Amino acid sequence: MATGIYTQADYAIQHTARAAYRARVVYGFGRLGVLSVAVGAYAFLWLPILLLVLFSFNDSRSITTWMGFSLKWYETIFSGAVGTGSNSFSSQMMLNALQNSLFVAGIATVLSTAIGTSVAIALSRAKFQGKKWVNALLFFPMIIPDITQAMSLALFFKVVFDFIEMISGQRVVNSFSTIVIGHVAFNISYVAIVVMARMRDMNPRVEEAAADLGANAWQTFRYITFPLIFPGVLAAALLALTMSLDDFIVSFFLSGVGTSTLPIYVHSMIKVSITPEINAISALMLAASTLLIIVSLTLQGGRRAR
Amino acid sequence: MAVWLTTLTRRHSHWLLSAPAILWLVVFFIAPLFIVGFMSLMTRGTGGLPVMPLTTAHYDRVFTTFSGVLNRSLWLSFVATVITLLIGYPMAYYIRTRKNEWVRNIALFLVILPFWTNFLVRTYAWRFILGREGFINNFLLNTGFIQEPLPLLNTEFAVLVGLTYGFLPFMVLPIYASIERFDFKFVEAAQDLGAGNWSVFWRVMLPMTLPGVLAGCVLVFIPSIGSYVTSDLLGGTQGLMIGNLLAGQFKASGNFPLGAALSVVILSLVVIPIAFYLRFGGREA
Numbered sequence: 001m002a003t004g005i006y007t008q009a010d011y012a013i014q015h016t017a018r019a020a021y022r023a024r025v026v027y028g029f030g031r032l033g034v035l036s037v038a039v040g041a042y043a044f045l046w047l048p049i050l051l052l053v054l055f056s057f058n059d060s061r062s063i064t065t066w067m068g069f070s071l072k073w074y075e076t077i078f079s080g081a082v083g084t085g086s087n088s089f090s091s092q093m094m095l096n097a098l099q100n101s102l103f104v105a106g107i108a109t110v111l112s113t114a115i116g117t118s119v120a121i122a123l124s125r126a127k128f129q130g131k132k133w134v135n136a137l138l139f140f141p142m143i144i145p146d147i148t149q150a151m152s153l154a155l156f157f158k159v160v161f162d163f164i165e166m167i168s169g170q171r172v173v174n175s176f177s178t179i180v181i182g183h184v185a186f187n188i189s190y191v192a193i194v195v196m197a198r199m200r201d202m203n204p205r206v207e208e209a210a211a212d213l214g215a216n217a218w219q220t221f222r223y224i225t226f227p228l229i230f231p232g233v234l235a236a237a238l239l240a241l242t243m244s245l246d247d248f249i250v251s252f253f254l255s256g257v258g259t260s261t262l263p264i265y266v267h268s269m270i271k272v273s274i275t276p277e278i279n280a281i282s283a284l285m286l287a288a289s290t291l292l293i294i295v296s297l298t299l300q301g302g303r304r305a306r
Numbered sequence: 307m308a309v310w311l312t313t314l315t316r317r318h319s320h321w322l323l324s325a326p327a328i329l330w331l332v333v334f335f336i337a338p339l340f341i342v343g344f345m346s347l348m349t350r351g352t353g354g355l356p357v358m359p360l361t362t363a364h365y366d367r368v369f370t371t372f373s374g375v376l377n378r379s380l381w382l383s384f385v386a387t388v389i390t391l392l393i394g395y396p397m398a399y400y401i402r403t404r405k406n407e408w409v410r411n412i413a414l415f416l417v418i419l420p421f422w423t424n425f426l427v428r429t430y431a432w433r434f435i436l437g438r439e440g441f442i443n444n445f446l447l448n449t450g451f452i453q454e455p456l457p458l459l460n461t462e463f464a465v466l467v468g469l470t471y472g473f474l475p476f477m478v479l480p481i482y483a484s485i486e487r488f489d490f491k492f493v494e495a496a497q498d499l500g501a502g503n504w505s506v507f508w509r510v511m512l513p514m515t516l517p518g519v520l521a522g523c524v525l526v527f528i529p530s531i532g533s534y535v536t537s538d539l540l541g542g543t544q545g546l547m548i549g550n551l552l553a554g555q556f557k558a559s560g561n562f563p564l565g566a567a568l569s570v571v572i573l574s575l576v577v578i579p580i581a582f583y584l585r586f587g588g589r590e591a
């Protein structure tokens, strides 16, 4: 009996000790250190953004002293002139830039989604010679710094346009098309990767079943494959849209007269330091991309729910 | 019969489906890079346009006149990679070890979100934190720590802060993916065999999560070496990087062959770590 009690107590102690030991094992090393780095890192990531948004509502030009809540900077950017004298920017210019951005990003999104989705389908379903090279080609744009891409494409267009002028005497310059071409070039890879992930999660037997039941390749795609991968395609399109709207470098190198996008406009405002109107525009841009990315992540998350 | 027919159609359709992407990327991505490579060896003509004969003068200039900027770019990118690694690894570990799945997802989301918000805007935010009348100086002046504002903006330090800030998520996400696949039973086994915490980390956990670490380093180093916005907004003349030099050749002074040579140099600085990664770290990733 005594032995029994001893065994039980011993077991309980051992069990507790083991549980505590396991807890230490998994979450043990440098717990406090890890926690403080993580807290510091989150503060580092978020404080600048929060301060920027907060001071876009400040009732003063001061960017460090809080003088009360106001929406006046939001009113200013939509009502006429921003800034003073030679450093002034009109709201009309900003609205034009916004319109340009939406136009360019819209077309680039449609094109890159179509092109990226079709190559993703080919790479996911078919086994063919040279597939390795197509994969490498898709991987390539993701490892090239955007400034190199922007520079090389800008020089490429210069050469092509000079050549056209030499042959036909017609002067061709950078326009919306050059920006769209650049955006599609960097978007294709990302679209393809998101769609391929979705294709991987899909059961290929569903397509075989459709084919067995007499559907042709187009019908199989239209009624089976496409509806199943649609959330992935939509998520890819939103990703492309976000990247296109956010892009500065490629647009900066490829824009011509009157084709400035919103980031180019904001960049020129930052260069002459018109605060806090930039804070207000920035806050609006942050809100827009946050909304886009939440929708995109929700769509991609739907993959796991199924 | 139908399956056979579909398979046959598919056998021919994959090239058709891949063709637009292949054409677009070859014409608008690969071909321009070859043009740049060739142009970098041409002589500067009138208006900055490249003309014959071929010369290596621009590369000579990059490695002599601009060696300071080149070294600074390499150094800053290297330090930014190390700092993001030192912050990113504990951060990824912290996110992974949250027991509540909901908390884990929120923690991950808070890393991803800034990564998708406008880079220009996020970098600009540091301008008014580090500026002469910015938050840090204002705080230190008010608390009496300093009498004169510290020159924080337009320095190499500011560029380093901007690079670390901008590319930290690129380090956290691949490391997180690696730690997520890592089986914590190995930690238990090592400790049962008498390994201490440091020994477990250095000899078990780090080697097993190394693919994520290498991927993170490559993903931070590449955009750092090619950065333009960060050094443009935070660096001033003191923090000038190779990307600014490149943009200058294209936008302002109009020396296209020199700009092309700078492009090729950036490209080769990127290809080296990639080749290294594919050779040593890519297999498990």
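So the protein sequences, as listed, match chains A and B.
Per my numbering: the first sequence ends with 306, consecutive numbering throughout.
Per my numbering: the second sequence ends with 591, consecutive numbering throughout.
Every residue gets a Cβ at the ideal spot worked out from N, C-alpha and C, and that includes glycine.
From a predicted model like this one, the values you see are computed outputs, not experimental measurements.
Quiz item: Is it true that the CB of PRO263(A) sits closer than 8 angstroms to the CB of GLY532(B)?
Solution: Numbered from 1 along the second sequence, position 226 holds the residue referred to as residue 532(B). Numbered from 1 along the first sequence, position 263 holds the residue referred to as residue 263(A). Taking 8 angstroms as the Cβ cut-off, GLY532(B) and PRO263(A) do not qualify as a contacting pair.
Quiz prompt | N- and C-terminal bounds of the beta strand (DSSP E) containing ARG350(B) | solution = Position 44 of the second sequence, counting from 1, holds the residue named residue 350(B). Boundaries of the beta strand (DSSP E) around ARG350(B): 348-350.
Quiz item: When Cβ atoms are compared, which residues of the segment 417-428 of chain B fall closer than 8 angstroms to chain A?
Solution: Listed in sequence order: VAL417, ILE418, LEU419, PRO420, TRP422, THR423, ASN424, PHE425, LEU426, VAL427, ARG428.
Quiz item: Counting only beta-carbon atoms, is PHE334(B) nearer than 8 angstroms to chain A?
Solution: Taking the first residue of the second sequence as 1, we reach residue 334(B) at position 28. Chain A places a beta carbon closer than 8 angstroms to that of PHE334(B), counting this residue as a contact.
Exercise. Using three-state DSSP, classify ASN477(B) as helix, strand or coil.
Key: Reading the second sequence from its first residue, position 171 is the one you call residue 477(B). It should be pointed out that residue 477(B) corresponds to Met in this sequence rather than to Asn. The answer is helix: DSSP assigns MET477(B) an H, G or I state.
Self-check item: Counted within 10 angstroms of its Cβ, other Cβ atoms place GLN149(A) as buried (16 or more) or exposed
Solution: Within the first sequence, numbered from 1, the residue matching residue 149(A) stands at position 149. GLN149(A) is buried by the Cβ-count criterion.
Quiz item: Among the residues of its own chain, which have a CB less than 6 angstroms from the CB of LEU575(B), if the five just before and after it don't count?
Solution: Locating residue 575(B) in the second sequence gives position 269, counting from the first residue. Here the set comprises ILE531.
Quiz item: Would you say PRO513(B) faces chain A, with C-beta separation under 8 angstroms as the test?
Solution: Stepping through the second sequence from its first residue, residue 513(B) is reached at position 207. Answer no: the Cβ-Cβ gap between PRO513(B) and chain A never drops below 8 angstroms.
Quiz item: If you compare alpha carbons, which of LEU50(A), ALA235(A), HIS267(A), VAL184(A) is closest to PRO420(B)?
Solution: To locate residue 420(B), count along the second sequence from 1; it is residue 114. Of the listed residues, the one whose Cα sits closest to PRO420(B) is LEU50(A).
Quiz item: If you drop the 5 nearest sequence neighbours on each side, which residues of the same chain put their C-beta closer than 7 angstroms to that of GLY545(B)?
Solution: Mapped onto the second sequence, residue 545(B) falls at position 239. If we look at GLY545(B) and ignore the five residues flanking it on each side, its Cβ neighbours are ASN460, THR461, GLU462, ALA464, VAL465, SER537.
Quiz prompt | Residues of its chain near PHE582(B), where Cβ-Cβ distance is below 7 angstroms and the 5 sequence neighbours each way are ignored | solution = One-based indexing of the second sequence puts residue 582(B) at position 276. Nothing listed; no residue qualifies.
Quiz item: Do three or more CB pairs link the segment 482-491 of chain B to the segment 555-574 of chain B at distances below 8 angstroms?
Solution: No, the segment 482-491 of chain B is not in contact with the segment 555-574 of chain B.
Quiz prompt | Near the ligand MG: THR349(B) beta-carbon under 7 angstroms from a heavy atom | solution = You won't find the ligand MG in this model; it holds no ligand whatsoever.
Practice problem: Report yes or no: is there a C-beta of chain B within less than 8 angstroms of the C-beta of SER268(A)? | Solution: For the purposes of this step, residue 268(A) is taken as the residue at position 268 of the first sequence. Output row for SER268(A): interface = no.
Practice problem: Taking only beta carbons into account, state which residues of the segment 274-298 of chain A come closer than 7 angstroms to chain B, listed in chain order. | Solution: Residues of the segment 274-298 of chain A whose Cβ lies closer than 7 angstroms to any Cβ of chain B, in chain order: THR275, ILE278, SER282, MET285, LEU286, SER289, THR290, ILE293.
Quiz item: Per DSSP, what kind of secondary structure is LEU322(B) in: helix, strand or coil?
Solution: As a working mapping, residue 322(B) is identified with position 16 in the second sequence. Three-state result, LEU322(B): helix.
Quiz item: Whose C-beta lies closer than 7 angstroms to the C-beta of MET93(A) among residues of the same chain, with five residues either side of it excluded?
Solution: As a first step, residue 93(A) is located in the first sequence; it is residue number 93 there, counting from the start. Beyond the five residues adjoining it in sequence on each side, MET93(A) comes within less than 7 angstroms, by CB distance, of TYR265 in the same chain, given in chain order.
Quiz item: Does DSSP put ASN279(A) in a helix, a strand or coil?
Solution: By 1-based counting over the first sequence, the position of residue 279(A) is 279. It is helical.
Practice problem: With a 10 Å radius around its C-beta and 16 neighbouring C-beta atoms as the bar for buried, classify PRO592(B) as buried or exposed. | Solution: Given that chain B is displayed from residue 307 to residue 591, the structure contains no residue 592(B) and the question cannot be resolved.
Self-check item: DSSP bridge partner residues for PHE527(B) (one or two, in chain order)
Solution: In the second sequence, counting from the first residue as 1, residue 527(B) sits at position 221. Partner(s): none; PHE527(B) has no beta bridge.
Quiz prompt | Collapsed DSSP secondary structure at ALA591(B) in the structure displayed | solution = Along the second sequence, one-based indexing puts residue 591(B) at 285. Interpretation of ALA591(B) is limited by its pLDDT of 39, a score under 50 that renders its predicted location unreliable; the figure taken from the coordinates is listed afterwards. Coil.
Practice problem: Compare the beta carbon distance of TYR399(B) and VAL34(A) with 8 angstroms and say whether it is the shorter of the two. | Solution: Position 93 of the second sequence, counted from the start, is the residue given in the question as residue 399(B). Position 34 of the first sequence, counted from the start, is the residue given in the question as residue 34(A). Yes, these two residues count as a Cβ contact at 8 angstroms.
Quiz item: Can you name the start and end residues of the beta strand (DSSP E) that PRO145(A) belongs to?
Solution: By 1-based counting over the first sequence, the position of residue 145(A) is 145. Careful: PRO145(A) lies outside any beta strand (DSSP E) and carries neither H nor E.
Quiz prompt | Short-range partners of chain B found in the segment 146-160 of chain A, where Cβ spacing is below 9 angstroms | solution = Considering only beta carbons, the part of the segment 146-160 of chain A lying closer than 9 angstroms to chain B consists of ASP146, ILE147, THR148, GLN149, ALA150, MET151, SER152, LEU153, ALA154, LEU155, PHE156, PHE157, LYS158, VAL159, in chain order.
Quiz item: Is the beta carbon of LEU331(B) sitting closer than 8 angstroms to the one on PRO141(A)?
Solution: Locating residue 331(B) in the second sequence gives position 25, where the first residue counts as 1. Locating residue 141(A) in the first sequence gives position 141, where the first residue counts as 1. In this structure, the beta-carbon distance from LEU331(B) to PRO141(A) falls below 8 angstroms.
Self-check item: Residues bridged to PRO356(B) [DSSP beta-bridge criterion]
Solution: Residue numbering aside, residue 356(B) sits at position 50 when the second sequence is read from its first letter. Paired residues: ARG350(B).
Exercise. Go through the segment 399-477 of chain B residue by residue and report every complete run of the alpha helix (DSSP H) that reaches 4 residues or more, in order.
Key: Runs found: 407-422, 425-436, 441-448.
Practice problem: Please say whether LEU228(A) and LEU299(A) have beta carbons closer to each other than 8 angstroms? | Solution: In the first sequence, the residue the question calls residue 299(A) occupies position 299. In the first sequence, the residue the question calls residue 228(A) occupies position 228. No. Outside cutoff.
Exercise. Leaving out five residues on either side along the sequence, give the residues of the same chain with a beta carbon under 6 angstroms from the beta carbon of ASP59(A).
Key: As a first step, residue 59(A) is located in the first sequence; it is residue number 59 there, counting from the start. When the five nearest sequence neighbours on each side are left out, the beta carbons in the same chain lying within less than 6 angstroms of the beta carbon of ASP59(A) are those of MET67, GLY68, SER70, in order along the chain.
Practice problem: Kindly provide the ranges of any beta strand (DSSP E) runs that are 3 or more residues long and lie completely inside the segment 59-143 of chain A, ordered along the chain. | Solution: Correct list: empty.
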